[in-house]
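Residue numbers (the numbering used here): 2 to 122. A virtual CB, placed ideally from N, CA and C, is assigned to each residue, including glycine. Shown next, in structure tokens, is the structure this report addresses.
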């Protein structure tokens, strides 16, 4: 599976997430409106990765700790968004957690409640 296919699977598993092109890159939205992940295939440099909103302080902490895996993306980085490389050593469980955090930052409360409600077997 390619990095894009793996990322797509993670994003589309979240409630009411949709995908469409934005700035010529696959981008995922909550209810078709609020962006929570944008794929970046060498969008402004030679990196393959994605950009997403991050909790306060997370961007600075992750970029300082592991600059080979995380970066401050152009344009949205000043707003705390995080860049995550998918062309380096990728921990897909960590990527899923980062994507979930991004989704939680933009999703409405009703969808967060749905996300947090245990599924019946």
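query	result
Pairwise C-alpha distance: residue 83 and residue 74	6 Å
For residue 77 and residue 35, the rounded distance between their alpha carbons	14 Å
Extent of the continuous beta strand (DSSP E) to which residue 4 belongs	First-last for residue 4: 4-13, but that is the alpha helix (DSSP H), not the beta strand (DSSP E).
For residue 29, the residue or residues it bridges with in DSSP	20 and 38
Residues bridged to residue 86 (per DSSP)	50
Rounded distance between the beta-carbons of residue 8 and residue 40, thought under 8 Å	6 Å
Buried or exposed (CB count within 10 angstroms, at least 16 for buried), residue 114	exposed
Rounded C-alpha distance that separates residue 101 from residue 117	11 Å
Inter-residue spacing [alpha-carbon to alpha-carbon] between residue 111 and residue 17	11 Å
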